[in-house]
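Take a look at the structure below.
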């Protein structure tokens with residue numbers, strides 16, 4: 040299968056990728072991780088699935104930002120995560136908002 044910018048649920052099912060193994064982080068943090076999958080979300084976003092170097096699995100959301108040319112980015116970066124290859128490595132930073140949601144702050148390729 041040709042690598043896509045983002046996959047849909049049927050694609051992931053065909054590939055045998057289990058999204059349920061990847062929760063949102065429960066605490067703010069910073070770590071290094073490998074981008075293993077991307078799935079289009081329902082609200083102009085891209086759900087990125089990452090395997091951290093310490094063995095955790097997590098998912099973070101990159102939102103489409105029209106001020107950044109329609110790129111699917113973190114809050115602090117201009118990197119379009121839909122254009123990054125699966126298997127690429129990242130230093131990532133995320134926080135938990137006052138409402139208890141995860142917010143992806145930054146991603147720096149390593």
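In the numbering used here, the protein residues as written are 40 to 149. Here a beta-carbon is modelled for each residue, glycine too, at the ideal position from N, C-alpha and C.
In this structure, what does DSSP give as the bridge partners for residue 130? As a position in the chain shown, residue 130 is number 91, starting the count at 1. The partner list for residue 130 (beta bridge, DSSP) reads 71, 147.
How would you write the range of the alpha helix (DSSP H) that residue 84 sits in, first residue to last? Start at 1 with the first residue of the chain shown, and residue 84 comes out as number 45. Per DSSP, residue 84 belongs to no alpha helix (DSSP H); it is in the beta strand (DSSP E), 84–91.
Going by other Cβ atoms of all chains shown within 10 Å of its Cβ, with 16 needed for buried, is residue 120 buried or exposed? By one-based count along the chain shown, residue 120 stands at place 81. Counting Cβ neighbours within 10 Å, residue 120 comes out buried, since at least 16 surround it.
Enumerate in chain order the residues of its own chain whose CB-to-CB distance from residue 84 is below 6 Å, with the five nearest sequence positions on each side excluded. What you label residue 84 is simply residue 45 of the chain shown in a count that begins at 1. Counting only Cβ-Cβ distances below 6 Å, and skipping sequence neighbours, we find 100, 102.
My understanding is that residue 62 touches residue 98, with C-beta atoms under 8 Å, so please give their C-beta distance in whole angstroms. One-based indexing of the chain shown puts residue 62 at position 23. One-based indexing of the chain shown puts residue 98 at position 59. About 7 Å separates the two Cβ atoms, so the contact holds.
Could you pull the start and end residues of the alpha helix (DSSP H) that residue 51 belongs to? For the purposes of this step, residue 51 is taken as residue 12 along the chain shown, with counting starting at 1. Counting along the chain, the alpha helix (DSSP H) containing residue 51 begins and ends at 48–54.
If you reduce the DSSP assignment to three classes, tell me which class residue 122 lands in. Against the chain shown, residue 122 aligns to sequence position 83. Reduced to three states, the DSSP call for residue 122 is helix.
So, for residue 145: in the same chain, excluding its five sequence neighbours on each side, which residues have a beta-carbon less than 6 Å away from its beta-carbon? Here residue 145 corresponds to residue number 106 of the chain shown, with the count starting at 1. Around residue 145: 113, 115, 116, 132.
Beta carbon of residue 153, beta carbon of residue 70: below 8 Å? The structure shown has nothing for residue 153, since the chain only spans 40 to 149.
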